[in-house]
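For the record, the sequence lines run as chains A and B.
Mapped onto our numbering, the consecutive letters of the first sequence carry residue numbers 4 to 95.
Mapped onto our numbering, the consecutive letters of the second sequence carry residue numbers 120 to 509.
The beta carbon of each residue, even a glycine, is placed where N, CA and C say it ideally should be.
Okay, structure first, notes after.
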Amino acid sequence: MAIEIHIPTALRQYADQNSTFEVGAGEVHAALNELTTRFPKLRPHLFTEDGKLRNFVNVFLNDENIRHLSGDELKLKDGDSISIVPAVAGGR
Amino acid sequence: MLNPDLSTIDLSLAEFERYSRHLIMPEVGVEGQKRLKAASVLIIGTGGLGSPLSMYLAAAGIGRMGLVDFDVVDTTNLQRQIAHTTADVGRPKLESATETIRAINPHVQVDGYETLIDSSNAMEIIEPYDIVIDGTDNFPTRYLVNDACVLLGKPNVYGSIFRFEGQASVFDATQGPCYRCLYPEPPPPGLVPSCAEGGVLGILPGIIGIIQATECIKIILGKGNTLVGRFLVFSALEMKFRELKLRKDPACPICGENPSITGLIDYQQFCGLDRGGKTSDLLDPSERISVAELHERLRNGRKPALVDVREPHELQISRLDNDYEIPLGNLETHIHELDRDQELVVYCRSGERSAKAVKFLKEAGFSNVRNLVGGILAWANEVDPEMPKY
Ligand SMILES: [Zn+2]
Numbered sequence: 004m005a006i007e008i009h010i011p012t013a014l015r016q017y018a019d020q021n022s023t024f025e026v027g028a029g030e031v032h033a034a035l036n037e038l039t040t041r042f043p044k045l046r047p048h049l050f051t052e053d054g055k056l057r058n059f060v061n062v063f064l065n066d067e068n069i070r071h072l073s074g075d076e077l078k079l080k081d082g083d084s085i086s087i088v089p090a091v092a093g094g095r
Numbered sequence: 120m121l122n123p124d125l126s127t128i129d130l131s132l133a134e135f136e137r138y139s140r141h142l143i144m145p146e147v148g149v150e151g152q153k154r155l156k157a158a159s160v161l162i163i164g165t166g167g168l169g170s171p172l173s174m175y176l177a178a179a180g181i182g183r184m185g186l187v188d189f190d191v192v193d194t195t196n197l198q199r200q201i202a203h204t205t206a207d208v209g210r211p212k213l214e215s216a217t218e219t220i221r222a223i224n225p226h227v228q229v230d231g232y233e234t235l236i237d238s239s240n241a242m243e244i245i246e247p248y249d250i251v252i253d254g255t256d257n258f259p260t261r262y263l264v265n266d267a268c269v270l271l272g273k274p275n276v277y278g279s280i281f282r283f284e285g286q287a288s289v290f291d292a293t294q295g296p297c298y299r300c301l302y303p304e305p306p307p308p309g310l311v312p313s314c315a316e317g318g319v320l321g322i323l324p325g326i327i328g329i330i331q332a333t334e335c336i337k338i339i340l341g342k343g344n345t346l347v348g349r350f351l352v353f354s355a356l357e358m359k360f361r362e363l364k365l366r367k368d369p370a371c372p373i374c375g376e377n378p379s380i381t382g383l384i385d386y387q388q389f390c391g392l393d394r395g396g397k398t399s400d401l402l403d404p405s406e407r408i409s410v411a412e413l414h415e416r417l418r419n420g421r422k423p424a425l426v427d428v429r430e431p432h433e434l435q436i437s438r439l440d441n442d443y444e445i446p447l448g449n450l451e452t453h454i455h456e457l458d459r460d461q462e463l464v465v466y467c468r469s470g471e472r473s474a475k476a477v478k479f480l481k482e483a484g485f486s487n488v489r490n491l492v493g494g495i496l497a498w499a500n501e502v503d504p505e506m507p508k509y
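This is the structure in structure tokens:
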């Protein structure tokens, strides 16, 4: 099974410049865990010390924000994609 | 959809001709063109996003455009801020953008606000307009614009950019989520690099700005599906758009069921910034060194160890005689490479990242470490005029 995590430009410096990362996990949080185990520097940018997703980062499973998903809805199937979308302010 | 009184709006002969490609489209027609003429749009920031979007909106025949900017055109703006030209360097952006818009379409009324929009004036500036377009570059203003739009019931056409990536949406709390529903809090200062620090591909604000202009026109015409409740993420490198669903958060502090924010707040404080907000300003004088003093030290052979905390690609543009090259983001993991007993001078492009590095090293127990005030930019300005600036 192949699940792709999209790593946004602003966070790539903490993930050896990778734009995507393939995981084998069967659930979203496990997939994020797999990602931050591989790139530990990414972890503090995504999670608070007690493991909560930070308020200025959203994670989408396909097109749904995982904050609105629970239980079985967080299970992954082949071809799913996970997007990390941080707040970006640039505009000038 | 906006509901203007079109009975008082007339198109002149010159306008009929100018807008003829609109007029023959069933989705616009004479009624739609009158709607555009009756509409008023406030554009906050005339930089990367504001330039292209204001030019296209002017061409499209928006009746009244408000522009907010207090900045002056700088040479480094010209790579993307196409409302300003080489001859405009040093002029207020408001002046050059107004001229550009009037040259494109003299039928547009342009009202300028040469001011920093903040809690004291935002409601007053935004209130008279139908639609607000956010083309700013910092979190305090993003939250300010969001909150003012929610409180006044105005649609906020959102866009943001970084390097090769852009985001766009329409936040309209009267029918969907607001920016706070998506991001209840901004990142702490310094965590996310700005365009000035991280760079931006020149065409990217063109693409995202034109998406904002498109959404603005659709809202005015009442046609199509706007980005309300949807978030577009664009990658120029992949040439891909991803579309994400946004939902209104019932617990949103401003547009939720029991809002705790009922008026504008202090956005500098909310975003963790002190007034002025720069780490470099907070350093003790003993933690700073001027370029003149460093120059003097190099000339008389008492060179401190130079720590360059810029990114590798910046080193290709210019560099001093570095002893250490460690990008700010890697400082924590590479701190053991530095000698605690050595005299260190830390620098970056403008002295802000290096100030953070100095603060970090001090907290880590380094005693003899100073920030090069103004960074390599000041070095190029004051010591070495041959050095390229960026
Ligand atoms: Zn909200």
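Proximal residues to P423 (chain B) (C-beta, below 6 Å), its chain only, five neighbours per side dropped: E462 and V464
With 7 Å as the limit, tell me which residues of the segment 338-366 of chain B have their beta carbon closer than that to any beta carbon of chain A; keep them in chain order. V352, R361, E362, L363, K364 and R366
When you measure from the CB of C467 (chain B) to every non-hydrogen atom of ligand 1, does any distance come out below 7 Å? no
Is it a yes or a no for the segment 25-38 of chain A touching the segment 65-79 of chain A, going by three-plus beta-carbon pairs under 8 Å? yes
Around ligand 1, which residues pass a check of Cβ closer than 5 Å to any of its heavy atoms? B:C297, B:R299, B:C300, B:C371 and B:C374
Indicate the three-state DSSP secondary structure (helix, strand or coil) for G185 (chain B) in the structure shown. strand
Contact with chain B by S86 (chain A), beta-carbon distance below 8 Å: yes
Mind checking D256 (chain B): buried by the 16 CB within 10 Å criterion, or exposed? buried
Output yes or no for whether 8 Å exceeds the beta carbon distance between V269 (chain B) and I338 (chain B). no
CB D427 (chain B) to CB Y466 (chain B), shorter than 8 Å? yes
Residues that G167 (chain B) contacts on chain A, provided the C-beta gap is smaller than 7 Å: G94 and R95
What are the boundary residues of the alpha helix (DSSP H) that includes R459 (chain B)? Segment: none, R459 (chain B) is in no alpha helix (DSSP H) and carries neither H nor E.
By the three-class DSSP mapping on this structure, what secondary structure does K337 (chain B) have? helix
8 Å Cβ cutoff met for E316 (chain B) and R472 (chain B): yes
Count the other CB atoms, across all protein chains shown, that sit within 10 Å of the CB of M4 (chain A); report buried if there are 16 or more and exposed otherwise. exposed
Take the Cβ of H453 (chain B) as the centre, count every other Cβ of all protein chains shown within 10 Å, and call the residue buried at 16 or more, exposed below. exposed
Could you please tell me which residues of the segment 372-391 of chain B, in chain order, have their CB closer than 7 Å to any CB of chain A? none
By DSSP's criteria, H9 (chain A) is part of a beta bridge. Which residues make up the other side? A:T23 and A:S86
Along chain B, which residues have their Cβ under 7 Å away from the Cβ of Q16 (chain A)? G448
What separation, rounded to the nearest whole angstrom, lies between the Cα atoms of V492 (chain B) and L457 (chain B)? 21 Å
Roughly how many angstroms separate the alpha carbons of S354 (chain B) and C300 (chain B), rounded to a whole number? 23 Å
Collapsed DSSP secondary structure at Q200 (chain B) in the structure displayed: coil
Tell me, to the nearest whole angstrom, how far the beta carbon of R489 (chain B) is from that of R366 (chain B); I am working on the premise that it is less than 8 Å. Rounded, the Cβ-Cβ distance is 49 Å, inconsistent with contact.
Exposure label - I143 (chain B); buried when at least 16 CB within 10 Å: exposed
Bridge partners for A424 (chain B) per DSSP, in chain order? B:L463
Chain B contacts made by the segment 57-76 of chain A, where a contact means CB separation under 9 Å: R57, N58, F59, V60, N61, F63, N65, D66, E67, N68, R70 and H71
Could you please tell me which residues of the segment 220-246 of chain B, in chain order, have their CB closer than 9 Å to any CB of chain A? none
Is it true that the segment 155-167 of chain B meets the segment 235-252 of chain B, where meeting means three or more beta-carbon pairs spaced less than 8 Å apart? yes
Within chain A, partners of T205 (chain B) - CB distance below 9 Å: Here the premise fails: no neighbours, minimum Cβ distance about 18 Å.
In this structure, how does DSSP classify Q152 (chain B) when only helix, strand and coil are distinguished? helix
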